[in-house]
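*Asks:*
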Amino acid sequence: MERRLALLGVVLALALAVLEPCSSAPQALAFAVQAVEPDGRPIANATVVVFSLRTIRAVFVGYTNASGWASGYVPSGDNYIVYVVKVEGGRLTRVPVRIDISDYANAESLAARVVLYPAARVVVTGKVIYIGGVPTGTARIVVLDREGGPLSASLSAGDASLAAGGRQVKVSPQVVDVYGPARDYTFIKRGLGFEALKINEGLVPVGQPVRVRVEYGVLDMRTFAVKSLGVELGSRESPLLFASAEQVETVDLLKVSMEGQLQSLKADMAAARSQVDAYERMGFYIPEIHDLLRSGEELLGAAEQLYARGEAPEKVIALMERVYAIANDQIPRRLGFLRDIAKVGATVMPSFLAVFAAILAFYFFDSQRSKMVSFSLLYAALVLMFAFVYPGFRLLWSLDRTLFLATVGGAYAIFFAVAFLLPRVIKEPELPGEVALGGLIAVAFTLGKRYSKVKATRTFITVFSIAAFIWAFTVLATFGAVYTKIEERGFARYDANVVIVKRVANETLQPLNAELDPLLFEGRSDVGNYSLVVMNRPDVGLTVAVRAAGREATLHFALGLSPQELKLNPALAGSLRLFGDLSQAGVVLPETAWRDLGLRGGEEVDVTFEAQGYGAARLRLRALGYFVESAFEGVKDPDGTPLRPFIQRGGRALYANASDVIIVVPPQPLLSLFAPSEGGYSQVFYVYRISAAVASEGAGLAFASEVVDRRGESYVAISCYGGSCARVYYGTRVQSIFEQEATFLVPLLIVIANVLLSMLSIVRERRREIFIFMCVGFNPRHIALVFLAEAIVYGLLSGGFGYVAGLATFRLLSAFAAHQNLMVREKLEWYWSYLAIALAVTISILGAIKPSMDAAYLFAPTEVRRLKIAERRERVKRAEYVSRTAAAKTFAIPGEVMADEGEVAFSYIYSKLADLSYGELESVESLADHPMEERPDGTRIKRFTFRYVSTTELGEKAAIDCELRFVLSPGADRYRVELDTKPVGQAPISHMDYAAELVKRILGDWMAERERLLYPA
């Protein structure tokens, strides 16, 4: 081979010496390339293309002679790639060879001998199906060797020698092993000037054991991440071996992608089952998720059967979409919802354990030391028990052990300090002759606790009955947030029979799947032809320039609509003024832009779309008409979402002004703009809404429910029929026992009756103790408190025991009946613990109210002493005589007088005071209206002075000099009202209050009548 290259070098030198005088280029790269068969025979009429990476074009295209040689010159100082191909009948028949000399811009000469292998073809057909995303372009075909490495690295394509900078460099020609939307395909196509190899074809050397990998990209619409998927043909043990150039291997991407999706869904279901098993090992009782998992596996099995029978892809895709939603959306979100609840519950639950441990310690022990020791031991025992009973503890331990230890230790320290240390430091002050409230409560609960221990059997029965009710309430009742499919019927009114599908996340519209979501509407008799709504992305700046007859209008938002949308949206149809046929592609402009451009309808306009970061694109469309901006602003979906593009600011959607929007009909031209070079949909314009006419209310609801089941969370389906709309989506809602039935009231009443009978029997048994209480100075309230305290003790004990028993029941269910859905929901929320105790205490108190009142008044006097009227009058006279004073008193009168209503208000108040000039029991004398005063600081004061005269109980006249002031401070919008009173001589204090009450009544009358006086009808 080295001798051949040396010979090639000599030949090249001689050729260059002959050709150099004929060359006009002062500096040039001379090359000589020979194309040969794998057995060394020369190949005539092979094409040599020298491609420049700087100018992105071929600078030389030549053909080999009968000896297989081609030579020539190209300007030096450039970065070149040399391609050698064989074209017969307009098609490539041999594997192209690439000589990359782009790293040698100073090359002087190139001598190469390349091997062109006969080629068989690999053809890719069909479209890619990806559940939850869209394909991003054309598939790539990668040819590998038997070991799985690049074919170009193992298959020899000849030899090449390069002279650069006075030295010889060996360069290895390489066979092209990547086909489709790749660099080599583009450069060969540009160099030849025609498509000698289709973008969906690849070439494989005949007689060489190879493997072929077909790669395709998809955009996951949930994560907006591009994924690379593919299938590999052949293996190390069984490689592909093509016997002739006529052999064609066809790869059906529809079949490949569907098989890949089935395998992917199997992996997703396995991962979902693994998650469910992990949660069950922690103690979660989740039978409804098991049912969901089982339904997903059944749907996946049905999809495999349909695919194996060769059913229509749409039927298989419908089942796969439901499986995808179950495995990747519904199960993870439900488990995540339970995880969040349990994590929060685990951080708060130690406080309940500390409370319950303190209740048990204080009930069973009397000495302080015993209480402290028992509290610590009981708390530790409850924590260990809840580590097995409550799944949130295991979850928090696995997620954050530091937080778990901090919450458990912190709860113990806080409650130990509050229960045992704080009472020693802070003591309630006691007043002589009075019993401190804390001491009274302590005595009552001590007596109640001791009395409950006297009759242990009755106490056990009472506590057991309440605990049984709390157990049933904890296990069977439902109260809290759940993640489920929600159906809101009658949430809005709409004047069309239509079903609408969209995606909403955080109250913001999200793009739909332009490839798969329209398939939801196809092939259905109950749903009409669908209509697409396309908008520009909110995070990409857009400028739209419309030019016509030398004028230009600039807008910043684009909206694509299907012609069917006018039939489905009466408000939209009413806002448009059309002058053209919607069957042709065109634009509808805002009325102001339409008039600025001087359009009349039917003209062709140039529309340039410039997207930030994506370049510019131009369309020539017909002017179809305009829309009235004010009417278009009011076009909304049933849920109130405007039918306009939007941008996002601070997490909120800000919708475009109608005067800044251009409408393109139909939307397909927008979906083709700014698409990736390898094909696919637009990177700037997305589908945000799909709608279609619906045949009946039932059909619309069934379709909406199916859409949400197939797509999962964030998809919202709205069905409107007969003016009423229903909305279906997945989310959280509060479930309550009151929403289902009130049968829980029956056992509640039974338990209350049991407590009532127990307490009544206790009262009858303790008549002697009650009498002793009365003798030692207990009043009826103290006696009632003792019996209520005993009932509360029952409630505290039974509430804790009942809740713990309820959680233990769920743990047993998760261990022995995990797959049996008993229609109960595990109570993971922390508030259920305190709710159980509160409910038990409430039941005990309700049952103990009547017995406590009976006990309180069992020996209390019941006669009521009647007070005669004469005695009351004597008391009033005595009070008036004693309270006589000559001191002045100032009142702040409630009410308001607005600044701009002052003149009318003052006239009204003066008239009211004047009406009291002739009173018998009370009267107003010497009434004077003083002019408005204004102080240097801007304060304005309006005064009325008068003498208030009233009759005392002794029959005497009491006179009070009064000054009524209305003060308006600078900057205030209303007057404040003040009244100064001073007795003439001496007068009872109460009569100054009477004067103030008189002014209050007058001001109140003004507030009641101001509307009638100021704004007569």
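The opening residue of the sequence shown carries number 4 in the numbering used here; numbering runs sequentially from there. From the three backbone atoms N, C-alpha and C, an ideal C-beta is built for every residue, glycine too. The structure presented is a predicted model; accordingly, all values stated were derived computationally and were not measured.
Keeping to the same chain, check which residues put their C-beta closer than 6 Å to that of Thr405; ignore five residues upstream and five downstream.
*Replies:* none
*Asks:* Under a Cβ-count criterion, where at least 16 other Cβ atoms within 10 Å of its own Cβ denotes burial, should Phe418 be classed as buried or exposed?
*Replies:* buried
*Asks:* So, are the CB atoms of Arg580 and Gly544 less than 7 Å apart?
*Replies:* No; because the gap between Cβ atoms is not below 7 Å, this pair is not in contact.
*Asks:* Which whole runs of the beta strand (DSSP E) in the segment 595-646 are 3 residues long or more, in chain order?
*Replies:* Taken in chain order, the complete beta strand (DSSP E) segments of 3 or more residues contained in the segment 595-646 are 607-614 and 618-630.
*Asks:* Please name the residue, chosen from Glu150, Gly75, Ala167 and Thr50, that lies closest to Leu119 on a Cα-to-Cα basis.
*Replies:* That would be Thr50, whose Cα lies nearest to the Cα of Leu119.
*Asks:* So what's Asp1039 in DSSP terms, helix, strand or just coil?
*Replies:* Because residue 1039 is not part of the residues shown, which for the chain are 4 to 1020, the question remains open.
*Asks:* Could you tell me whether the Cβ atoms of Val207 and Val213 are closer together than 7 Å?
*Replies:* For Val207 and Val213, yes; Cβs fall inside 7 Å.
*Asks:* May I ask you to report which of helix, strand or coil DSSP gives Ile46?
*Replies:* coil
*Asks:* Taking Cβ positions only, does Gly136 come closer than 7 Å to chain D?
*Replies:* This model lacks chain D altogether; it includes just one protein chain.
*Asks:* Thinking Val466 and Leu800 are a contact (beta carbons under 8 Å), I'd like their distance in whole angstroms, please.
*Replies:* Their Cβ separation, rounded to whole angstroms, is 5 Å, which keeps Val466 and Leu800 in contact under 8 Å.
*Asks:* Output the distance between the C-alpha atoms of Tyr486 and Thr557, rounded to the nearest integer angstrom.
*Replies:* 46 Å
*Asks:* Distance check for Gly898 and Glu981, CA to CA, integer angstroms please.
*Replies:* 10 Å
*Asks:* Quick check on DSSP: helix, strand or coil for Gly526?
*Replies:* Correct three-state label for Gly526: coil.
*Asks:* Between Ala729 and Ala596, what straight-line distance do the alpha-carbon atoms span, to the nearest angstrom?
*Replies:* 38 Å
*Asks:* Curious, which full-length alpha helix (DSSP H) runs of at least 4 residues does the segment 113-189 contain?
*Replies:* 154-157
*Asks:* With a Cβ-Cβ cutoff of 7 Å, do Val900 and Tyr978 count as a contact?
*Replies:* yes
*Asks:* Please state whether the Cβ-Cβ distance between Asp498 and Pro573 is less than 7 Å.
*Replies:* Remark: C-beta atoms of Asp498 and Pro573 approach each other more closely than 7 Å.
*Asks:* Under three-state DSSP, which class holds Val543?
*Replies:* coil
*Asks:* Using only alpha-carbon positions, find the residue among Ile334, Ala420 and Lys346 that is nearest to Met375.
*Replies:* Ala420
*Asks:* Tell me which residue opens and which closes the alpha helix (DSSP H) that Ile469 is part of.
*Replies:* Ala459 to Leu479
*Asks:* I'd like to check one pair, Tyr86 with Arg97: are the Cβ atoms closer than 7 Å?
*Replies:* no
*Asks:* Let me know if Tyr806 comes out buried or exposed under the rule of 16 or more other beta-carbons within 10 Å of its beta-carbon.
*Replies:* buried
*Asks:* Which residues bound the alpha helix (DSSP H) around Leu200?
*Replies:* Element bounds for Leu200: n/a, residue is neither H nor E.
*Asks:* I believe Glu291 touches Met272 by the beta-carbon criterion, under 8 Å. Please report the beta-carbon distance rounded to the nearest angstrom.
*Replies:* That pair is no contact at about 17 Å.
*Asks:* Taking 7 Å as the cut-off, decide whether the C-beta atoms of Arg625 and Gln587 are in contact.
*Replies:* yes
*Asks:* Mark Asn509 as exposed unless 16 or more other C-beta atoms lie within 10 angstroms of its C-beta, in which case mark it buried.
*Replies:* By the neighbour-count rule (16 or more Cβ atoms within 10 Å), Asn509 is not buried but exposed.
*Asks:* In terms of alpha-carbon separation, which member of Arg968, Met935, Leu967 and Ala990 lies closest to Glu959?
*Replies:* The option with the nearest alpha carbon to Glu959 is Ala990.
*Asks:* Just confirm the distance between the C-beta atoms of Tyr837 and Phe355, as a whole number of angstroms; I'd bet it's less than 8 Å.
*Replies:* 6 Å
*Asks:* Measure the C-alpha to C-alpha separation of Ser377 and Met352 and round it to an integer number of angstroms.
*Replies:* Computed Cα separation, rounded: 19 Å.
*Asks:* Can you tell me the Cα-Cα spacing of Thr812 and Ile473, whole angstroms?
*Replies:* In this structure, the straight-line span from the alpha carbon of Thr812 to that of Ile473 is close to 12 Å.
*Asks:* Leaving aside the five residues before and after Asp148 along the sequence, list all residues of the same chain whose C-beta is less than 6 Å from its C-beta, in chain order.
*Replies:* Non-local C-beta neighbours of Asp148 in its own chain, meaning closer than 6 Å and more than five positions away in sequence, comprise Leu154 and Ser157, ordered along the chain.
*Asks:* Rounded to the nearest angstrom, what separates Val502 and Asp343 at their Cα positions?
*Replies:* 34 Å
*Asks:* Bridge partners for Ser74 per DSSP, in chain order?
*Replies:* Ala35
*Asks:* How many Å lie between Arg427 and Arg372 at the Cα?
*Replies:* 13 Å
*Asks:* Would you check if the distance between the CB atom of Leu95 and the CB atom of Leu200 is smaller than 7 Å?
*Replies:* yes
*Asks:* Can you check which of these residues, Thr253, Gly802 and Phe54, is closest to Ile840 by C-alpha distance?
*Replies:* Gly802
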